[in-house]
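> Sharing a structure here in structure tokens format.
Protein chains: 2
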Amino acid sequence: MACECDMSNSSRHTGERRTLIVGLVCLDIINVLDNYPLEDTDTRVQDQLWERGGNAANTSVVLAQLGVKTEFIGTLADSTLSRLMVEDFHKYGVLIDHCIYHNNCKPPMSCIIVNSSSGTRTILHSNRSLPEVMYEDFELLNLNNYTWIHFEGRNVEEVLKMSERVVMHNGQFIESHDRIQISLELEKPGLKPSFCKLLPKADVVFLSKDVAKESGFQNGEECVLKFSKDVKPGAVVVCAWGELGAWAVGPNGEVVHSPAFPPAKIEDTVGAGDTFNAGVIYALSRGSSILEAIMQGCKIAGDKIGHQGFKIDAGTVTT
Amino acid sequence: MACECDMSNSSRHTGERRTLIVGLVCLDIINVLDNYPLEDTDTRVQDQLWERGGNAANTSVVLAQLGVKTEFIGTLADSTLSRLMVEDFHKYGVLIDHCIYHNNCKPPMSCIIVNSSSGTRTILHSNRSLPEVMYEDFELLNLNNYTWIHFEGRNVEEVLKMSERVVMHNGQFIESHDRIQISLELEKPGLKPSFCKLLPKADVVFLSKDVAKESGFQNGEECVLKFSKDVKPGAVVVCAWGELGAWAVGPNGEVVHSPAFPPAKIEDTVGAGDTFNAGVIYALSRGSSILEAIMQGCKIAGDKIGHQGFKIDAGTVTT
């Protein structure tokens with residue numbers, strides 16, 4: 001299948017150049033119940049897991065398993081609990097040399113309620129004191145080391161400065177394979193209108209169902225079509241919509257759709273979107289078409305939700 | 001007001017004899033939101049607190065603040081997280097010399113969702129690996145050190161053996177002030193019918209609203225009247241019912257009721273029942289009547305829910 005956008009470059013993953021993921025790593029305390037708890041009750045959970053979480057961190061460990069040389073940059077509290085996160089990155093071979101450690105901070109944490117009957121995950125996130133990655137941290141990176149940089153769209157003003165630095169870096173190259181591809185995830189509602197400034201900086205924009213709904217869109221097709229007017233020419237806009245699959249639109253304006261690939265039994269939907277994003281980045285960076293890429297994303301996310309955690313089954317990698 | 005049961009003894013709190021509380025200490029991660037989260041959403045909480053929790057531990061720190069020499073016995077994981085709990089006991093002057101430390105365990109934990117609009121607290125509790133206090137641990141205690149022993153009714157078979165040891169110990173004394181008063185909290189539903197064996201061992205039985213409802217009772221009065229047939233002659237049966245206050249019945253069969261004393265604004269209902277229990281134990285051990293005791297419990301619990309945590313306002317102590 002022909003590539004619909006200019007992201008194919010087989011030389012991109014040779015040598016030491018790598019994919020950089022910028023965003024959050026946190027502690028996830030995952031409470032598994034067979035129903036969603038009624039308010040004001042006292043329940044013993046079926047299982048409780050302490051896991052490394054965070055959208056960007058999740059995407060990193062999936063990409064690394066797909067054979068992509070991956071680096072994560074984020075902030076870490078100088079705390080015993082952070083060991084759990086560092087060990088998980090090491091387990092999957094994700095580089096974290098440029099992470100920033102802060103003293104006297106508590107790590108951000110999500111209490112997550114997984115309903116094993118319905119497959120839902122309800123997230124209660126808290127960051128009490130740990131600063132986000134700042135432009136000053138990002139400025140220290142040698143951008144020549146990277147082929148792709150993915151930003152979790154959190155602290156918009158800082159991410160804007162980071163992405164502008166990458167755009168400026170790209171300006172010095174004529175050959176597209178020398179340029180760094182920029183992807184951007186906008187998952188959390190409540191960042192509008194400020195995130196609109198970010199949209200023209202990215203080559204690939206991932207919008208969540210929550211952000212789509214906040215913008216008044218009823219489905220993924222409507223979302224990608226409307227947001228495609230706000231991105232830079234030639235950019236790809238992607239919107240995953242849970243069990244309905246994912247939609248995307250690229251330079252030619254044609255909307256493509258992939259169905260979801262649900263497992264026989266849903267076990268753990270935490271990080272399904274982050275896994276989808278990793279699948280799409282992986283496929284696009286290897287020169288797949290947009291449709292192939294979102295199908296890869298849906299397949300790998302479908303596999304992920306069939307079991308606990310982020311161990312990827314090689315059989316789901318099709319591109 | 002005359003004492004309605006044989007618990008008055010002003011000499012009980014002189015010297016080194018103390019109150020022992022047997023049960024759980026755990027880590028509470030308290031997530032404060034202004035509403036109860038909808039299933040499958042991703043919410044940033046208003047506040048997140050890591051606190052020492054556990055019913056027995058909560059009762060201990062309240063009793064200690066009321067001037068009662070208090071010891072807590074429970075199990076602790078030999079883990080960094082346990083430091084938080086130990087420091088909290090020290091802060092309130094609760095003795096923990098007989099606590100049992102277990103290697104290679106994770107501390108029990110509750111993820112709690114506090115709805116600051118409605119005042120509800122929804123508890124998701126997990127104990128992955130830490131053993132409960134066993135009879136073998138309790139057997140090492142010198143019972144001559146104690147005037148009152150309060151059991152959190154958890155591991156029923158073990159608590160039964162412990163309470164039988166205290167009953168046997170009491171059998172050697174003719175004078176009632178030499179005997180140890182036994183109180184028992186039955187808070188969690190799901191322990192019936194096994195907990196019925198515990199009922200005849202205690203001088204004071206605390207039943208929760210949840211246990212009352214599980215037994216088919218629609219209100220506190222019905223609950224204490226019916227359960228009073230299962231306890232030993234002369235025992236006191238108490239049932240607190242949230243905003244409706246508390247009911248109790250003693251040796252003379254008369255049911256007494258205390259209204260609740262809610263604060264102007266409810267801030268934190270976590271541990272309200274444990275605080276109520278401490279107020280009742282405190283008042284009964286000082287010779288107050290049953291009515292005075294449940295009023296003391298309701299007042300101190302009402303004060304507690306008006307602010308975060310377990311710091312007691314001396315103005316609420318009336319007996």
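Protein chains in written order, with the UniProt record's numbering: chain A, 1 to 319; chain B, 1 to 319.
Just so it is clear, CB atoms sit at the ideal spot from N, CA and C, and this is done for glycine as well.
Fair warning: this is a prediction, and the values are worked out from it, not measured in the lab.
(1) Are threonine 70 of chain B and threonine 19 of chain B closer than 7 Å when you measure CB to CB?
(2) In this structure, how does DSSP classify serine 258 of chain A when only helix, strand and coil are distinguished?
(3) Among residues of its own chain, excluding the 5 on either side of glutamate 221 of chain B, which ones have a beta-carbon nearer than 6 Å to its beta-carbon?
(4) Unbroken beta strand (DSSP E) runs of length 3 or more, entirely within the region 106 to 145 of chain A: which are they?
(5) For phenylalanine 72 of chain A and isoleucine 100 of chain A, which I take to be in contact (beta-carbon distance under 8 Å), what is that distance rounded to the nearest angstrom?
(6) Anything in chain A within Cβ reach of threonine 120 of chain B, meaning under 7 Å, just list it in chain order.
(7) Taking Cβ to Cβ, would you say cysteine 196 of chain B is nearer than 7 Å to alanine 212 of chain B?
(8) Buried or exposed, going by whether 16 or more other CB atoms sit within 10 Å of the CB of asparagine 9 of chain A?
(9) What are the residues that DSSP puts in a beta bridge with cysteine 298 of chain A?
(10) Out of curiosity, what's the CA-to-CA distance linking threonine 201 of chain B and alanine 278 of chain B?
(11) Give the secondary structure of histidine 13 of chain A by DSSP, where H, G and I count as helix, E and B as strand, and everything else as coil.
(12) State the Cα-Cα distance for the pair valine 237 of chain A and threonine 120 of chain A, rounded to the nearest angstrom.
(13) Sort A:Phe276, A:Glu139 and A:Ser82 by Cα distance to phenylalanine 261 of chain A and report the nearest one.
(14) Can you tell me where the alpha helix (DSSP H) with glutamate 221 of chain B in it begins and where it stops?
(15) Out of curiosity, what's the CA-to-CA distance linking aspartate 88 of chain A and asparagine 103 of chain A?
(16) Decide if glutamate 187 of chain B is buried, meaning its Cβ has at least 16 other Cβ atoms within 10 Å, or exposed.
(17) Give me, in chain order, the residues of the same chain whose beta-carbon lies closer than 6 Å to that of leucine 291 of chain A; leave out the 5 immediate sequence neighbours on both sides.
(18) When you compare each of A:Leu66, A:Gln218, A:Ser82 and A:Ser116 to aspartate 313 of chain A by their alpha carbons, which one comes out closest?
(19) Out of curiosity, what's the CA-to-CA distance linking tryptophan 148 of chain A and tyrosine 92 of chain B?
(20) Between which two residues does the beta strand (DSSP E) harbouring asparagine 31 of chain B extend?
(21) Report the residue from B:Ile180, B:Leu27 and B:Pro189 whose alpha carbon sits nearest the alpha carbon of serine 208 of chain B.
(22) Which residue's Cα is closest to the Cα of methionine 280 of chain B: B:Gly297, B:Leu199 and B:Ala64?
(23) Look at the alpha carbon of phenylalanine 310 of chain B and the alpha carbon of isoleucine 266 of chain B, and state the distance between them as a whole number of angstroms.
(24) Would you please verify whether the beta carbon of threonine 275 of chain B is less than 7 Å from any beta carbon of chain A?
(25) Is the CB of isoleucine 266 of chain B under 7 Å away from at least one CB in chain A?
(26) Near glutamate 214 of chain A, which residues of its chain fall below 8 Å by C-beta distance, leaving aside the five closest residues on each side in sequence?
(27) Nearest to histidine 150 of chain A by CA position, among A:Pro131, A:Arg128, A:Asn170 and A:Ile180, is which residue?
(28) Can you name the start and end residues of the beta strand (DSSP E) that threonine 19 of chain B belongs to?
(29) Within 10 angstroms of the Cβ of proline 233 of chain B, are there 16 or more other Cβ atoms? Answer buried if so, exposed if not.
(30) Under a Cβ-count criterion, where at least 16 other Cβ atoms within 10 Å of its own Cβ denotes burial, should aspartate 137 of chain B be classed as buried or exposed?
(31) Within 8 Å, do at least three Cβ pairs link the region 118 to 134 of chain A to the region 33 to 43 of chain B?
(32) Under the three-state reduction of DSSP, which class applies to aspartate 47 of chain B: helix, strand or coil?
(33) Excluding the 5 residues preceding and the 5 following phenylalanine 217 of chain B in the sequence, name in chain order all residues of the same chain whose CB lies nearer than 6 Å to its CB.
(34) So valine 280 of chain A is in the alpha helix (DSSP H); what residue range does that whole segment cover?
(35) Alanine 301 of chain A: buried (16+ other C-beta within 10 angstroms of its C-beta) or exposed?
(36) Could you spell out where the beta strand (DSSP E) holding residue 322 of chain B opens and where it closes?
Per the coordinate set shown:
(1) Yes, these two residues count as a Cβ contact at 7 Å.
(2) strand
(3) Excluding residues within five positions, the ones whose Cβ falls inside 6 Å are Trp247 and Val255.
(4) 109 to 115 and 121 to 126
(5) That belief does not hold up - the Cβ atoms of phenylalanine 72 of chain A and isoleucine 100 of chain A are roughly 12 Å apart, past 8 Å.
(6) When 7 Å is used as the limit between beta carbons, threonine 120 of chain B is near these residues of chain A: Glu39 and Asp40, in chain order.
(7) no
(8) Residue placement at asparagine 9 of chain A is flagged as unreliable, the pLDDT there being 37, under the threshold of 50; the coordinate-derived value follows with that caveat. Classification of asparagine 9 of chain A: buried, given that the 10 Å Cβ count is 16 or more.
(9) Partner(s): none; cysteine 298 of chain A has no beta bridge.
(10) Note on residue identity: the sequence assigns lysine, not threonine, to residue 201 of chain B. The alpha-carbon atoms of lysine 201 of chain B and alanine 278 of chain B are separated by roughly 19 Å.
(11) Low per-residue confidence applies at histidine 13 of chain A: pLDDT is 38, beneath 50, and the placement is therefore not dependable enough to give any value.
(12) Going by the C-alpha atoms only, they are around 25 Å apart.
(13) A:Phe276
(14) DSSP places glutamate 221 of chain B inside the alpha helix (DSSP H), whose first and last residues are 220 to 227.
(15) Between aspartate 88 of chain A and asparagine 103 of chain A, the C-alpha separation is close to 21 Å.
(16) buried
(17) Annotation for leucine 291 of chain A: Val256 place their beta carbon closer than 6 Å to its own, counting only its chain and skipping 5 residues before and after.
(18) A:Leu66
(19) Answer to the nearest angstrom: the Cα atoms are 54 Å apart.
(20) 26 to 33
(21) B:Pro189
(22) According to the sequence as given, residue 280 of chain B is valine; it is not methionine. Selected option, being the one with the closest Cα: B:Gly297.
(23) 14 Å
(24) no
(25) no
(26) Pro189, Gly190 and Lys192
(27) A:Ile180
(28) Going by DSSP, threonine 19 of chain B is part of the beta strand (DSSP E) stretching over 18 to 22.
(29) Of the other Cβ atoms in all chains shown, fewer than 16 fall within 10 Å of the Cβ of proline 233 of chain B; this residue is therefore exposed.
(30) buried
(31) yes
(32) strand
(33) Within the same chain, phenylalanine 217 of chain B has close Cβ partners Cys223.
(34) 272 to 285 is the extent of the alpha helix (DSSP H) around valine 280 of chain A.
(35) Residue environment analysis places alanine 301 of chain A among the buried positions, since at least 16 neighbouring C-beta atoms fall within 10 angstroms of its C-beta.
(36) Nothing about residue 322 of chain B can be reported from this structure: the residues present for chain B run from 1 to 319 only.
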